[in-house]
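What follows is one structure encoded as structure tokens, with my remarks underneath.
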Amino acid sequence: MSRSVMIPPRISRGWGHSARPESRPAESPGRRPRRWPGGTLLLAAVLSAAACSGGGASPAPAGATPAPDPAASVTVTPRDGATGVALTSPIVVRGNAPLAAVSVNRGASASEKTEPGTMPGTFSADHRTWTSSGGLFADSRYDVEASTSPATGIAGTTSVRTSFVTGVPAKSFKVSWEPVAGQTVGIGAPISLTFSAPASSRAAVQSRLVVRTDPPVLGAWNWLSNRVVMWRPEGYWKPGTKVHVEANFAGYDAGGGRLGVKDRAMDFVIGSAQVSKVDSATHTMKVFRDGQLLRTMPVSLGRPSLPSMDGPHNVLGKSPEVIMDSATVGIPQGNPDYYYEKVQWAVNYTSGGQYVHSAPWSVPSQGRANVSHGCVNASPADAQWFYNFTRLGDIIDIVNTGRPPDTSQLGNAWSVPWATWKAGSALPVSDQLAPVVSLDSAVSTVTPGPVTATPRTGAAGAGA
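Just so we're aligned: the sequence shown equals residues 1 to 464 in full-length UniProt numbering.
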């Protein structure tokens, strides 16, 4: 019996060719020829590996270290240690990670007479930038502290402390005001601001002024000139009202090379309702406090050729002694009506030089006839009592003189109708409802209050 001999296949060693046997014997019935398992799959894997490697960069060697994350950092402008920094420069803090906290503290300034304070500011949407929202004070040291929060892609956190000092401008823009901080004033006291230079833009200046009251009161600013602006309520103040005033001019460019050197703020309180009603026809003055009649005084007002001025007026100040020289109001020496008098216990109620004062020379006419040069004459005893009683902002309401109030003068703010007053504002005035007090209701109130006298240095008066 013959036997079949199987000859092993010979594999081609060239890449890219399939392995196949050189010859294949005839299949015997019932038997299948043997196949080389995995031959085709092995070659496919080799080809696949060859195709993936291609001609690109070689793979990184095992164990390579990725680039490190940048360290957290913060920068502050103005730079640390800077001096003579311009008042118009903002403070800007930037981090390469979100800022956790920023604080800016301002030191006291002896030259500008300011106390220590803080600087407000705002964060950007991503919290990586903080920008100051107030102006810089002159001749002041600022200390800045800032820190970052953890952030993906940033190594660690950090904190910084920097400082700088501001300069002093060659020309400044300043404000003075009445009342003064801590003062208790009458129900007719307006808030009066005087600027060291004319306002180049009334609207810009007014936008930096703030008045807050407790309880809320409807009021408005009115410009008397480019250097004087006043705020008053629609009606008299309610006794006990607390008033807060701000003039935020730090870093403000007022034009002409002038810069605001600081912000100012003050608080004062409205005292009891002290109202004096003066009747030229009856030659009497009745003094009320919170509706209670305290004193009735015989007085003498202006003679027919020099009449007193109808009111109401608000007290501007007082002095124990004042020189009254008619030449200051256009009545020179040589004029039959010229006078030069030294008077005591003088309470001023108009910038035109009208006072309530002691007039011993007119005592025989007081309560009987009007013989003064326009002032309200009282006896020495009554004048001294009234001087000690009255304070800034009290109301002196004069009637029946035949001379209307001159609203261009200080002391006559309450003679200006409300619609006219608020039209003098450089910005729109809200007509929101708020509690106000009329003269009649002020006189009829019954809540007692303290009597406060605030001494002032007087100026030359006009009428005796």
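Every residue gets a Cβ at the ideal spot worked out from N, C-alpha and C, and that includes glycine.
- Using the Cα positions of Ala155 and Pro66, report the straight-line distance between them to the nearest angstrom. Cα to Cα, the separation comes out at about 14 Å.
- My understanding is that Leu293 touches Gly374, with C-beta atoms under 8 Å, so please give their C-beta distance in whole angstroms. Going by Cβ atoms, the distance from Leu293 to Gly374 rounds to 26 Å, so no, they are not a contact pair.
- Task: Using 10 angstroms around the beta-carbon of Tyr338, count the other beta-carbons present and answer buried if the total reaches 16, otherwise exposed.
- Result: With fewer than 16 other Cβ atoms inside 10 Å of its own Cβ, Tyr338 counts as exposed.
- Query: If we call anything under 8 Å between Cβ atoms a contact, is Trp237 one with Asn314?
  - Reply: When the beta-carbon positions are compared, Trp237 and Asn314 stay at least 8 Å from each other.
- Which residues mark the beginning and the end of the alpha helix (DSSP H) in which Lys277 is found? Lys277 -> not in any alpha helix (DSSP H); beta strand (DSSP E) instead, spanning Gln274 to Asp279.
- Query: In terms of residue numbering, what span does the beta strand (DSSP E) encompassing Thr213 cover?
  - Reply: Leu209 to Asp214
- Query: Where does Phe249 sit, in a helix, a strand or coil, going by DSSP?
  - Reply: coil
- Message: Beta-carbon within less than 6 Å of Phe123's beta-carbon, same chain only, minus the 5 sequence neighbours each way: which residues are those?
- Response: Excluding residues within five positions, the ones whose Cβ falls inside 6 Å are Trp130.
- Query: When the distance is taken between beta carbons, is Thr118 closer than 8 Å to Val102?
  - Reply: Val102 is not a Cβ neighbour of Thr118, given a cutoff of 8 Å.
- Task: Could you tell me which uninterrupted beta strand (DSSP E) segments, each at least 3 residues in length, are contained entirely in the region 99 to 152, listed from first to last along the chain?
- Result: 99 to 106, 121 to 123, 129 to 132 and 141 to 148
- Query: So, is Ser172 buried or exposed, given that buried needs 16 or more other C-beta atoms within 10 angstroms?
  - Reply: buried
- Task: Determine the direct distance from the alpha carbon of Leu193 to that of Ala464, and round the result to whole angstroms.
- Result: For Ala464 and Leu193, the distance between alpha carbons rounds to 29 Å.
- Task: Taking all protein chains shown into account, decide if Arg35 is buried (16 or more other Cβ within 10 angstroms of its Cβ) or exposed.
- Result: Confidence at Arg35 is low in this model, with a pLDDT of 48, below 50, so the placement of that residue should be treated as unreliable; the coordinate-derived value is given next. Classification of Arg35: exposed, given that the 10 Å Cβ count is below 16.
- Message: Pull the bridge partners of Thr194 from the DSSP assignment, please.
- Response: When beta bridges are read from the DSSP output, Thr194 appears opposite Ser176 and Val228.
- Examine the Cβ distances between the region 84 to 91 and the region 254 to 267 and report whether three or more of them are shorter than 8 Å. Counting C-beta pairs with one atom in each stretch, the region 84 to 91 and the region 254 to 267 have three or more that are closer than 8 Å, which means they touch.
- Message: Taking only three categories from DSSP, how would you classify residue 476?
- Response: The requested residue 476 does not occur in the structure, where the chain is confined to residues 1 to 464.
- Item | Three CB pairs or more closer than 8 Å across the region 165 to 183 and the region 75 to 85 | yes
- Task: Starting from Thr420, trace the alpha helix (DSSP H) both ways and give me its first and last residue.
- Result: Trp418 to Ala423
- Going by the CB atoms, is the gap between Ala359 and Ala378 shorter than 8 Å? yes
- Task: Kindly indicate which three-state DSSP category Thr350 falls into: helix, strand or coil?
- Result: coil
- Which residue comes first and which comes last in the beta strand (DSSP E) that contains Pro320? Gly317 to Asp325
- Query: Between the beta-carbon of Val376 and the beta-carbon of Val356, is there less than 8 Å?
  - Reply: Yes, these two residues count as a Cβ contact at 8 Å.
- Item | Contact check, Val93 vs Val144, beta carbons under 8 Å | yes
- Task: List the DSSP bridge partners of Val85.
- Result: Thr166
- Message: Please report the straight-line C-alpha distance between Ala281 and Asn400, rounded to a whole angstrom.
- Response: 6 Å
- Query: If you draw a straight line from the C-alpha of Val217 to the C-alpha of Val160, how long is it?
  - Reply: 45 Å
- Message: Spatial neighbours of Tyr340 within its chain, please: C-beta separation below 6 Å, excluding the five flanking residues on both sides.
- Response: Asp325
- Query: If you check the beta carbons only, do Asp279 and Gly352 fall under 8 Å apart?
  - Reply: no
- Message: Three or more C-beta pairs under 8 Å: does that hold for the region 218 to 238 against the region 423 to 430?
- Response: As far as the Cβ criterion goes, the region 218 to 238 touches the region 423 to 430, which means the pair count is three or higher.
- Query: What three-state label does DSSP hand Ala442 in the structure shown?
  - Reply: The predicted position of Ala442 is uncertain, since its pLDDT is 47 and thus under 50; no value can be drawn from it.
- Item | Distance between Glu234 and Thr420 (C-alpha atoms, nearest Å) | 11 Å
- Message: Could you check whether the Cβ of Pro428 sits closer than 7 Å to any heavy atom belonging to the ligand NAP?
- Response: Among the components modelled here there is no ligand, and therefore nothing to report on the ligand NAP.
- Quick one, which of Phe137, Pro98 and Ala125 has its alpha-carbon nearest Ala110's? Phe137
- Looking at C-alpha atoms only, which residue of Val210, Ser140 and Pro298 is the closest neighbour of Arg368? Minimum Cα distance to Arg368 is reached at Pro298.
- Message: For Phe288, list the residues DSSP reports as bridge partners.
- Response: Val275 and Leu293
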